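Undergrad:
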Amino acid sequence: MKKIGIMTTGGDCSGLNTVIQRVVRGANLRGWQVWGILDGTDGLSVTPPAVIQLNDMLLPIENARLAGSFLHNGRVHALNFETAAETGKLKSFNKKLRQSLKMLNFDALILIGGNGSLSLAWANRDIYSDLQLICIPKTIDMDMPLTARTIGFDTAVQQLTSYCDQLMLTARSHHRWFVVQAMGRDCGMLALYAGVAAGAAAILIPEIKFDVDSLIKHIKKSTTDYGIIIVAEGISLRGHSGRPADMIARKLTAAGIVNRTAFPEHTQRAGDTVASDRILATRFADCALDAIENNETYVMTALECGDVHTVALSDFVAAGDCEHDPKVPELLTSNAYVAHDEPLLQVAYDMGVYIGERK
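Following the working numbering, the numbering of the sequence shown begins with 1 at its first residue and continues without gaps.
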């Protein structure tokens with residue numbers, strides 16, 4: 001009988017509980033045990049390790065649709081890779097994680113995380129040398145290379161779109177524009193997809209340069225005097241500081257355009273998991289369990305051209321735009337961004353959306 005560990009790390013999103021539930025179901029059908037690690041690596045840094053054996057009674061199918069993580073994603077002040085690096089305790093922290101995993105005697109560990117978590121797993125792969133490490137990508141930012149989708153992205157797009165839909169009604173009633181700030185860190189994928197879905201008049205993302213005067217002219221030429229302008233949180237405006245939506249709003253106000261700012265914030269991470277995310281979570285869970293059966297390790301599940309398969313973590317890191325993590329200077333994080341040949345950019349352009357100064 002195999003003994004499998006599973007944990008969620010990094011920021012939360014919708015779809016995490018679906019993955020956990022599907023892994024438990026598939027593993028139990030194979031006659032395997034599944035143990036959940038509480039609070040990600042935080043749960044491995046304490047003695048004894050914080051784990052719980054999972055079954056259908058603890059996470060029933062009807063609760064798998066809920067957002068967040070049943071296992072939690074970590075505590076603010078707990079010792080983790082970031083705080084260990086800041087305090088010079090990284091070596092001892094890594095040693096403790098390896099000791100905890102050895103104590104738990106897992107045959108395999110399924111790690112559900114974003115680009116930072118997976119980059120950390122590869123950079124500190126010696127921690128997992130005594131077991132199989134299978135990673136599942138999740139993030140609302142969609143900033144991970146080698147996979148066409150991550151768990152949580154589609155639900156975040158729906159959440160942000162629904163938020164904009166409601167604002168559009170009051171925008172029309174008061175003849176005003178709403179500048180909505182989207183999450184996504186340095187990647188504009190969430191803003192782009194939700195902006196197109198909501199019928200935004202303008203979408204500003206970090207990957208494409210924009211000109212404020214051109215934006216103002218575009219809004220003034222609009223056939224309506226209301227609408228949505230989506231601003232990705234990663235954009236910058238030379239000579240200005242503060243929240244991106246506020247910076248754009250001030251420019252619009254100075255040009256005589258009536259507007260308000262709106263910040264959906266963490267509601268983008270919430271919401272019942274949409275069907276496409278549930279299906280992806282199920283496919284990734286099945287792929288991860290197959291990888292364990294096939295004795296794979298240091299791999300990530302990925303969606304490519306409609307097919308779900310595993311890719312090497314080393315390829316994941318090599319394929320991305322690697323940058324030093326600001327909180328863990330020694331770490332190179334593998335990033336993906338909106339490509340300039342992203343089809344949805346052309347669609348937005350064809351629909352009359354201002355998306356920056358395109359060549």
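The beta carbon of each residue, even a glycine, is placed where N, CA and C say it ideally should be. Everything numeric in this text was worked out from a predicted model, so none of it was measured.
Identify, in the order they occur along the chain, each residue of the same chain with its Cβ nearer than 7 Å to the Cβ of G10, setting aside the five sequence neighbours on each side.
TA: Correct list, in chain order: N73, G113, G114, G116 and S117.
Undergrad: Just the C-alpha distance for L131 and I20, rounded to the nearest angstrom, thanks.
TA: Near 19 Å, if we compare the C-alpha coordinates of I20 and L131.
Undergrad: Give every residue of the same chain whose Cβ lies closer than 7 Å to the Cβ of D211, excluding the five residues on either side of it in the sequence, and list them in chain order.
TA: Counting only Cβ-Cβ distances below 7 Å, and skipping sequence neighbours, we find E357.
Undergrad: Do the CB positions of I134 and R98 come within less than 7 Å of each other?
TA: No.
Undergrad: Drop a sphere of 10 angstroms on the beta-carbon of V76, count the other beta-carbons inside from all chains shown, and report buried for 16 or more, exposed for fewer.
TA: By the neighbour-count rule (16 or more Cβ atoms within 10 Å), V76 is not buried but exposed.
Undergrad: What residues match up with F178 in a beta bridge as DSSP calls it?
TA: Answer is I228 and R260, bridged to F178.
Undergrad: Would A202 and L190 be called neighbours here (beta carbons separated by less than 7 Å)?
TA: It is not a contact, given that the beta carbons lie outside the stated cut-off.
Undergrad: Sorted by chain position, which residues of the same chain lie with C-beta nearer than 6 Å to A84's C-beta, five sequence neighbours on each side aside?
TA: For A84, where only same-chain residues beyond five positions count, the Cβ hits under 6 Å are L90 and F93.
Undergrad: For N80 and chain D, any beta-carbon pair shorter than 7 Å?
TA: Here chain D cannot be found, since the structure has a single protein chain.
Undergrad: What is the DSSP secondary structure of I151, counted as helix, strand or coil?
TA: Looking at I151 - three-state DSSP - the assignment turns out to be strand.
Undergrad: What does the alpha-carbon distance come out to for the pair L79 and S100?
TA: So the two alpha carbons sit approximately 14 Å from each other.
Undergrad: Which two residues bound the contiguous beta strand (DSSP E) that contains I203?
TA: Here the beta strand (DSSP E) through I203 covers A202 to L204.
Undergrad: Cβ-heavy atom distance between I228 and the ligand GTP below 6 Å?
TA: This structure does not include the ligand GTP; it has no bound ligands of any sort.
Undergrad: Taking C-beta to C-beta, are R176 and Y226 nearer than 7 Å?
TA: Their beta carbons are under 7 Å apart, which means R176 touches Y226 by this criterion.
Undergrad: Can you tell me whether DSSP reads C135 as helix, strand or coil?
TA: Correct three-state label for C135: strand.
Undergrad: Need the endpoints of the alpha helix (DSSP H) that A64 sits in, please.
TA: First-last for A64: undefined, no H or E at that position.
Undergrad: Given this structure, state the Cα-to-Cα distance separating H340 from D321, to the nearest angstrom.
TA: Each residue's Cα considered, the two are about 15 Å apart.
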